[in-house]
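First comes the structure, then the notes that go with it.
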Amino acid sequence: MKNKIILLALGGAFFLGSCTSAYKSTQTPDDVYYSPLRDVKESKVEEEYISREDRQIRIGTRNPRWRYDDNWDYRYDPYRYGYHYGYYYNPYYYPYPVYSGITVRDPKNTTPRTTNLSTYSPQTLTTRDPKTGKVTTIRTRTYNQSNQRGETRRILRPSDNRSDYNNNRTYSPSSGGSRPSGGGGSTPVVRPPRP
Amino acid sequence: MKKIILTALSISSLQAFAQIPEDAIRYSWFPVNGSARVNSIGGAMGSLSGDITAAYVNPAGIGFYNTREVMFGLNLLNQKMRTNYRDSITRTKNNTLLLSPVGVVMGLGTNRDKKNLTSVAFAVNQTASFNRQYRFRGYNNYSSFSEQFAEEFAKSGYTIDAVLQSNSPIPYTAAPALYTYLIDTVRQTDGSYQVRAAPENLLDQGHAVLQDFSYETSGGIYELAATVATNKGNKWYFGGTVGIPIVSFNSLTQVTETDTSSAVNGFQSFTYKDDFSTTGAGANLKLGAIYRPKDYIRLGLAFHTPTLLYLTDKRNTSLLTELDGPSYTVNSNTFTNGSRGSASYLQISPWKALISGSYVFREVQDTRKQRGFVTADIEYVHHRGTSFKSTNEEVTADEKAYYKALTRVVKETYKGAFNFRLGGEVKFNVIMARLGFAYYGNPYKNSPEKAYQMQFSGGLGYRNHGMFIDLGYVHHTVRDQQFPYRLEDRLNTYGTLRNTRGQIVATVGFKF
């Protein structure tokens, strides 16, 4: 698309460049500073006489409805579309299926690209004052940026119950959730066997 | 604010996955790309006028035109990326082409009616480029990319059989990971089951994985603009642009993790490829006014409405997992009925507003007496205002809830930011010299590192014999960060990006 636009622009610009002569011998205006008005001289335009026959031909070339005789051709009337000689060719009146040969295909999967939105929020850290025993919960953003520095990796277990981490890795399937909006038409995919 | 976070979390905990927040600023955090003249003066165009770029910044500037011109231009970009990921530095570079405004401006006024003059402009411009290649590469003894699949699957509430379907609810991530045994359920000593990723075995033993993230993105936003502007007695100028942005974004991501230990731990490596594209179109409106209280002084005000973008994402992933011994591979088409998955949605990108001032030395008709100008813009972009809605044919209640939650998370993640642009020109009859500067502020509310974009620019122009040629150079620096993956139950890790672009801009135009 980009190449087409560039080619079109190049062609158009060079065409205009070869045609333009208005400012070749005078100063080229710089519209940032000053944009001169075009000088247009008044001229009288005489009205052209058009015969009835010419008018009819001109109207007919612009609109096919007026192409035959002087009359409006109802075949092109959107409000009477399909009406001809007292009979409607209207698909809604037609007793048999108008469309045929439609094959049923599996629905498209319309699941959006996904991410865990909870990870964009600050994490909750709980601290306990050793002197007073007061427990404070703060929401903070901390990061692990280095292999040498920063917090050591903690092994997640289902029995973990630390308030500063949300252990979400326990396998406890519930209702099975909702299907993608593409609908049904799904068959099981069997995993390859594991040795 | 607390209520919003809690609501977002409560919705996301039902099924915590939706379109990603990073999609928000892709369509709002980018610099002005205009003609070579405008790029050379830092993109400051809010009150200057006399250039087709005004159609994209302040349409009232088109109202200054009484002449007619056609122009086109190109940008050549040389990009260097320096990334730092877990103390490892990686460098990449690539070249790309960018389209500058191509179009026509016509002043319709004549000397018969000097009080009300009208001008129109039609243009197409590449307002943003997504062409980038970069890499994060480093050792990690703390977490694995594959853990997000384990977390996602465990939180989903699905059984393995429910995910491994030809029309899967998690087809791009958890389904391939389950199929290739990159993640699986493991029985614990207390009889319960936990979802674990294979690399966790070696990480729990204190070893590290070598992570390699390779990103290649391309495409851009191409905006068609139709502008009408009017000049009221050379004092007030008003203008409006109907913009039709056409979006094309392609992304190819490859993630590889390799076991760096020699121990047998049930994992050797995995390679995950994510082929993702977004296409669509939309509409916006740009309205502006310029007031000229005195000759030489111009004050500008412009407002850009939110852009309605009707977008369609198409996605396909593949995964190769090599365990100690067997290896497994699968493509996500297996879980999306044999063809690429496709999701349609409406993204409403944020509004922006700007004020501007210019001082033009000698606004006279004789071009030999014109001397130059200085101009400056202050712009506010409401980055946190991006919102999403599904436009799939059958939208489920869950899907609606995800997009609602996503919009709220975007509000919590981003903030409004100010951009500053400053530029000037010195004119010597038919030759012009220009300098400019621009600064685009941090759009993140809580970023671990400072993010910004900065431009230094300069250029030369020639205008004679009914044509003009402008050349410019823009030195563009971007500081940003990116999380290659995010985990809820561990601290996250991010990479920093330092993008340096050398941009050569050329514009040619003709008066007719």
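From first to last, the protein sequence lines stand for chains B and R.
Take the first sequence: its position 131, counted from the start at 1, is 131 in the working numbering, and no numbers get skipped.
Take the second sequence: its position 128, counted from the start at 1, is 1128 in the working numbering, and no numbers get skipped.
Built from N, CA and C at the ideal position, the CB exists for glycine as well.
List the residues that DSSP assigns as beta-bridge partners of residue i.
i	result
Trp-1236 of chain R	R:Lys-1232 and R:Tyr-1291
His-1000 of chain R	Any answer about residue 1000 of chain R is impossible in this case: the structure gives chain R only from 1001 up to 1512.
Gly-1300 of chain R	R:Ile-1290 and R:Ser-1356
Lys-1273 of chain R	R:Gln-1254 and R:Ser-1318
Phe-1483 of chain R	Bridge partners of Phe-1483 of chain R: none, in fact.
Pro-188 of chain B	R:Gln-1165
Thr-1329 of chain R	R:Leu-1320
Ser-1457 of chain R	R:Gly-1436 and R:Val-1474
Gln-1194 of chain R	B:Thr-170 and R:Val-1186
Asn-1265 of chain R	According to DSSP, Asn-1265 of chain R bridges with nothing at all.
Against residue i, what residues of chain R qualify as contacts under a CB-to-CB distance less than 8 Å, listed in chain order?
i	result
Lys-108 of chain B	Thr-1336, Asn-1337, Ser-1339, Gly-1341 and Ser-1342
Glu-151 of chain B	Tyr-1142 and Leu-1491
Please list the partners that residue i has in chain R, where partner means a Cβ-to-Cβ separation under 7 Å.
i	result
Asn-63 of chain B	Going along chain R, no residue has its Cβ under 7 Å from Asn-63 of chain B, so there is no contact; the nearest lies around 27 Å.
Ile-50 of chain B	The premise fails here: Ile-50 of chain B is roughly 29 Å from chain R at the closest Cβ pair, so nothing lies under 7 Å.
Gln-56 of chain B	Simply none; closest approach about 34 Å.
Whole angstroms are fine: how far does the CA of residue j sit from the CA of residue i?
i	j	result
Phe-1510 of chain R	Ile-1052 of chain R	12 Å
Asp-1489 of chain R	Val-1124 of chain R	47 Å
Thr-1391 of chain R	Ser-1192 of chain R	40 Å
Asn-1446 of chain R	Gln-1453 of chain R	17 Å
Ala-1281 of chain R	Gln-148 of chain B	47 Å
Asp-54 of chain B	Arg-62 of chain B	13 Å
Ala-945 of chain R	Ala-1433 of chain R	The shown model of chain R, from 1001 to 1512, leaves out residue 945 of chain R, and the question about it has no answer.
Val-1505 of chain R	Phe-1130 of chain R	17 Å
Gln-1194 of chain R	Gln-1482 of chain R	29 Å
Val-1255 of chain R	Asn-1078 of chain R	25 Å
Gly-1073 of chain R	Asp-1470 of chain R	9 Å
Ala-1054 of chain R	Leu-37 of chain B	20 Å
Ala-1016 of chain R	Tyr-1402 of chain R	In this prediction, Ala-1016 of chain R scores a pLDDT of 32, lower than 50, which makes its location untrustworthy; no coordinate-derived value is stated.
Ile-1221 of chain R	Ser-1028 of chain R	11 Å
Gln-1148 of chain R	Phe-1267 of chain R	17 Å
Gln-1370 of chain R	Asp-1480 of chain R	41 Å
Thr-1090 of chain R	Arg-1137 of chain R	7 Å
Asp-1113 of chain R	Phe-1437 of chain R	39 Å
Thr-132 of chain B	Asn-1316 of chain R	56 Å
Ser-1047 of chain R	Lys-1080 of chain R	33 Å
Lys-1450 of chain R	Asn-1419 of chain R	15 Å
Thr-1496 of chain R	Tyr-1085 of chain R	7 Å
Phe-1238 of chain R	Pro-1293 of chain R	15 Å
Asp-164 of chain B	Thr-1258 of chain R	In this predicted model, Asp-164 of chain B has a pLDDT of only 48, less than 50, meaning its place in the structure is not dependable; the value taken from the coordinates is given anyway. Answer to the nearest angstrom: the Cα atoms are 30 Å apart.
Asn-1095 of chain R	His-1476 of chain R	14 Å
Ala-1343 of chain R	Ala-1024 of chain R	16 Å
Thr-115 of chain B	Lys-1155 of chain R	12 Å
Phe-1030 of chain R	Val-1070 of chain R	26 Å
Among the candidates the options, whose CA atom is the shortest distance from the CA of residue i?
i	options	result
Asn-1250 of chain R	R:Thr-1312, R:Thr-1256, R:Ala-1263 and R:Thr-1189	R:Thr-1312
Tyr-1056 of chain R	R:Asn-1333, R:Glu-1449 and R:Pro-1245	R:Pro-1245
Gly-185 of chain B	R:Glu-1216, R:Gln-1165 and R:Gln-1211	R:Gln-1165
Pro-122 of chain B	R:Gly-1458, R:Asn-1492 and R:Ser-1261	R:Asn-1492
Asp-1274 of chain R	B:Asp-106, B:Arg-113 and B:Tyr-33	B:Arg-113
Asn-1033 of chain R	R:Leu-1098, R:Leu-1354 and R:Val-1105	R:Leu-1098
Ser-1218 of chain R	R:Ala-1154, R:Thr-1279, R:Thr-1336 and R:Ala-1177	R:Thr-1279
Asp-39 of chain B	R:Gly-1043, R:Gly-1107, R:Tyr-1134 and R:Gly-1103	R:Gly-1107
Ser-146 of chain B	R:Thr-1386, R:Ser-1100 and R:Ser-1088	R:Ser-1088
Gly-1485 of chain R	R:Thr-1253, R:His-1304, R:Asp-1190 and R:Val-1102	The sequence given here places Tyr at residue 1485 of chain R; Gly does not occur at that position. Looking at the Cα atoms, R:Thr-1253 is the closest of the given residues.
Val-1409 of chain R	B:Arg-154, B:Arg-194 and B:Thr-119	B:Thr-119
Between which two residues does the alpha helix (DSSP H) harbouring residue i extend?
i	result
Tyr-1402 of chain R	1397-1413
Val-1038 of chain R	1036-1040
Residue i touches chain B at which residues, Cβ-Cβ below 7 Å?
i	result
Phe-1064 of chain R	Asp-31 and Ser-35
His-1207 of chain R	In chain order: nothing, as chain B lies at least about 10 Å away.
Along chain R, in chain order, which residues have C-beta atoms closer than 9 Å to that of residue i?
i	result
Asp-39 of chain B	Thr-1110 and Asn-1111
Ile-59 of chain B	Here the premise fails: no neighbours, minimum Cβ distance about 30 Å.
What does residue i touch in chain B if you count any residue whose Cβ is under 9 Å from its own?
i	result
Tyr-1056 of chain R	Near Tyr-1056 of chain R there are no residues of chain B at all, since even the closest Cβ is about 16 Å away, more than 9 Å.
Asp-1324 of chain R	Neighbours of Asp-1324 of chain R on chain B: none; closest Cβ ~11 Å, over 9 Å.
Phe-1276 of chain R	Arg-113
Thr-1317 of chain R	Near Thr-1317 of chain R there are no residues of chain B at all, since even the closest Cβ is about 10 Å away, more than 9 Å.
Phe-1373 of chain R	Val-32 and Tyr-33
Taking the continuous beta strand (DSSP E) assigned at residue i, which residues delimit it?
i	result
Leu-1158 of chain R	Inspection of the sequence shows that residue 1158 of chain R is occupied by Tyr rather than by Leu. Counting along the chain, Tyr-1158 of chain R falls outside any beta strand (DSSP E), and DSSP gives it neither H nor E.
Tyr-1056 of chain R	Careful: Tyr-1056 of chain R lies outside any beta strand (DSSP E), inside the alpha helix (DSSP H) at 1054-1057.
Asn-1084 of chain R	1068-1085
Ala-1175 of chain R	Note, Ala-1175 of chain R: premise wrong, no beta strand (DSSP E); alpha helix (DSSP H) at 1174-1179.
Gly-1509 of chain R	1495-1511
Name the chain B residues whose beta carbon is nearer than 8 Å to that of residue i?
i	result
Thr-1253 of chain R	Chain B residues near Thr-1253 of chain R: none, gap ~11 Å exceeds 8 Å.
Asp-1523 of chain R	With chain R covering only 1001 through 1512, there is no way to say anything about residue 1523 of chain R.
Can we count residue i as close to the ligand NAP, meaning its CB is less than 7 Å from some heavy atom?
i	result
Glu-1488 of chain R	This structure lacks the ligand NAP, and indeed carries no ligand of any kind.
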